[in-house]
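Working notes for the structure below.
2 protein chains.
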Amino acid sequence: MREFLSKKEIALLKAVQTRHGRKKHNLCIAEGLRCCRDVASVAKDLIKLAVKRDDINVDYEAFNEVDFVSVDANVFKTIAPTVESQGILLLLEKANDTIVEPTDDFIILLDQVGDPGNFGTILRTARAAGLKEIWYTNGSVDPFNDKVIRSAMGSQFVIKLRKFSSLDDACVTAQEFGYNKFFRTDPHGGESCFNSQELFDKSVIVMGSEAHGVADFENARGLNIPMLGDEESLNVAQATTIIMFEYVRRTVENN
Amino acid sequence: MREFLSKKEIALLKAVQTRHGRKKHNLCIAEGLRCCRDVASVAKDLIKLAVKRDDINVDYEAFNEVDFVSVDANVFKTIAPTVESQGILLLLEKANDTIVEPTDDFIILLDQVGDPGNFGTILRTARAAGLKEIWYTNGSVDPFNDKVIRSAMGSQFVIKLRKFSSLDDACVTAQEFGYNKFFRTDPHGGESCFNSQELFDKSVIVMGSEAHGVADFENARGLNIPMLGDEESLNVAQATTIIMFEYVRRTVENN
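So the protein sequences, as listed, match chains A and B. Heads up, the first sequence is in the working numbering, so the first residue is 36 and it goes up one at a time. Heads up, the second sequence is in the working numbering, so the first residue is 36 and it goes up one at a time.
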């Protein structure tokens with residue numbers, strides 16, 4: 036086990052802690068024992084460099100064949116993205132967008148969702164709901180930001196992510212792929228997510244940030260999540276979860 | 036509008052930033068414009084003291100009849116719980132547990148849910164699902180912690196919170212109130228939340244922390260959230276959301 040990092044490696048680890056650096060190098064960081072184990076178990080081939088503090092035990096099945104560099108606490112502190120570091124991190128190649136045709140029954144399109152915890156939770160939940168991809172627009176948080184990786188438990192290395200410059204741009208691409216029904220969440224009306232018949236039938240469901248909501252756009256059908264209380268809105272991650280698991284419910288019921 | 040805080044007020048504002056202080060004084064803090072507006076609109080009578088930085092505009096309907104103390108930026112900085120403060124906070128009386136009989140069709144019991152964001156999100160979502168109360172056990176995060184108040188958008192001042200020393204203790208009380216079916220989430224088996232017939236029929240549904248899961252206990256029936264993907268677990272807030280909105284779906288469908 037190697038016990039030092041080169042200057043170049045240290046510089047790289049620091050560089051990818053910014054959005055600019057992640058874009059330039061096409062790399063990102065996963066941090067913390069649980070998160071690193073999750074990522075290693077799904078995306079071992081994307082690991083470029085594994086670093087641990089010398090007191091950390093990495094004797095887990097997920098880390099088989101992962102070569103850690105083991106450094107002392109002072110060195111680790113200089114490279115750790117978070118102040119209260121858990122003493123382990125992975126430098127990872129970002130999974131690539133691809134031009135392969137989507138195969139999911141429907142597309143969740145996140146429009147300017149800026150909160151890392153929400154974005155990450157949606158990715159993790161999408162994976163549990165069996166989705167193969169998530170689309171998002173410019174103005175959303177960087178999905179390879181370390182907070183998003185932590186909330187998503189590494190799901191960004193399993194789920195395909197497609198980024199679009201705008202909502203319109205995403206809708207055009209969706210239609211080219213044969214997804215031609217468009218829904219946007221609307222707290223004040225529209226079809227109920229619990230009985231809209233075409234909701235998961237080659238459709239695109241646009242989820243907006245809490246701050247701005249979803250802009251109205253051509254051909255958009257309103258989609259409403261019924262509520263029983265007086266609280267007007269749901270957190271975007273909760274709203275997306277309810278919709279995705281309505282899909283799971285219908286799928287399980289029909290099988 | 037008063038422009039200074041007394042020494043006693045400043046000491047109190049600092050004291051309630053700890054769990055111990057909140058317990059001793061039966062007070063807590065809501066912070067940030069959006070959060071304060073949410074709280075003021077649902078629980079004006081619980082406001083003991085309202086403080087703003089002198090550059091903050093509080094000309095909103097929610098703040099009618101709220102008397103703000105307006106202080107300069109340096110003073111505000113010394114009393115703000117967060118480093119990047121939004122310049123407005125409310126000192127609030129904690130809503131009280133009561134011994135009134137529960138009226139909800141089912142009880143969500145949070146067992147040692149320690150993450151403030153998850154706890155708060157569950158409170159906010161419970162309100163949207165029409166629940167009147169949430170139960171929780173010792174070892175959970177303090178629901179009046181400022182992070183929980185922010186995630187919950189002040190729902191802790193609307194929803195009744197009951198704290199129990201242990202899971203067993205909560206189950207005994209539930210039975211006294213006539214809630215005598217007990218479910219615990221089980222990722223590997225049990226009844227499906229999408230077709231369990233008695234799930235919302237005077238039942239208690241125990242949700243555990245991700246770290247520990249829910250301990251098995253007497254008479255507990257397993258409850259499973261079906262998934263289509265390979266991701267083994269859901270975040271506790273997402274799992275609770277799916278179950279609560281399955282209740283909403285059934286209720287809406289039967290009306």
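For glycine and all other residues, C-beta sits at the position ideal for the given N, C-alpha and C.
In the DSSP assignment, residue 152 of chain A falls within the alpha helix (DSSP H) that extends over 151-163. Shown here, residue 197 of chain B sits in a strand according to DSSP, grouped into three states.
Put simply, the CB of residue 262 of chain B is near chain A, with a gap under 7 Å to one of its CB atoms. Residue pairing by DSSP leaves residue 89 of chain A without any beta bridge partner. At a cut-off of 7 Å between C-beta atoms, residue 229 of chain B counts as an interface residue with respect to chain A. Taking a Cβ-Cβ cut-off of 9 Å, residue 53 of chain B has no neighbours in chain A, whose nearest Cβ is about 19 Å from it. Between the stretch 107-121 of chain A and the stretch 232-242 of chain B, the count of Cβ pairs shorter than 8 Å is below three; the stretches do not touch.
Contact between residue 151 of chain B and residue 180 of chain B holds, since their C-beta atoms are separated by about 6 Å, short of 8 Å.
For residue 234 of chain A, no CB of chain B lies under 7 Å from its own CB, so it is not counted at the interface with that chain. Taken in chain order, the complete alpha helix (DSSP H) segments of 4 or more residues contained in the stretch 262-288 of chain B are 271-288. Rounded to whole angstroms, the gap between the alpha carbons of residue 162 of chain A and residue 77 of chain A is 12 Å. Per DSSP, the continuous alpha helix (DSSP H) segment holding residue 208 of chain A begins and ends at 202-211. If you compare the alpha carbons of A:279, A:254, A:278, A:60 with that of residue 210 of chain A, the shortest gap goes to A:254. Annotation: residue 97 of chain B has no Cβ neighbours in chain A at a cutoff of 8 Å; minimum Cβ distance is about 13 Å. Closest by C-alpha distance to residue 279 of chain B, out of B:91, B:160, B:198, is B:160.
In this model, residue 146 of chain B and residue 200 of chain A are separated by some 43 Å (Cα to Cα). Between the alpha carbons of residue 127 of chain B and residue 186 of chain A lies a distance of about 31 Å.
Under DSSP, the beta-bridge partners assigned to residue 146 of chain B are B:243.
Put simply, the CB of residue 273 of chain A is near chain B, with a gap under 7 Å to one of its CB atoms. For residue 288 of chain A, the neighbours in chain B by C-beta distance under 9 Å run, in chain order, 229, 230. If you check each beta-carbon in the stretch 139-161 of chain B against every beta-carbon of chain A, the ones closer than 7 Å belong to 152, 156, 159, 160. Shortest Cα-Cα distance from residue 169 of chain B to any of B:228, B:149, B:193 involves B:193. In the structure shown, residue 70 of chain B adopts helical secondary structure according to DSSP, grouped into three states. Remark: C-beta atoms of residue 68 of chain B and residue 142 of chain B do not approach each other more closely than 7 Å. For the 7 Å CB-CB criterion, residue 75 of chain A and residue 97 of chain A form a contact. Going by DSSP, residue 257 of chain B is part of no alpha helix (DSSP H) but of the beta strand (DSSP E) stretching over 255-259.
For residue 128 of chain B, the uninterrupted beta strand (DSSP E) segment begins and ends at 123-128.
Under the DSSP assignment, residue 44 of chain B falls in the alpha helix (DSSP H) whose first and last residues are 42-50. Among the residues facing chain A, residue 283 of chain B is included, as its CB has a counterpart in that chain under 7 Å away. At a cut-off of 7 Å between C-beta atoms, residue 270 of chain B counts as an interface residue with respect to chain A. The C-beta distance from residue 164 of chain B to residue 271 of chain B rounds to 16 Å, too long to meet the 8 Å contact threshold. At a cut-off of 7 Å between beta carbons, residue 113 of chain A makes no contact with chain B. Contact of residue 243 of chain B with chain A is not assigned, every C-beta pair being separated by 7 Å or more. Interface criterion met: the Cβ of residue 163 of chain A is under 7 Å from a Cβ in chain B.
The residue from B:167, B:227, B:252, B:176 with its alpha-carbon nearest to that of residue 149 of chain B is B:176. Not a single CB atom of chain B sits nearer than 7 Å to the CB of residue 192 of chain A.
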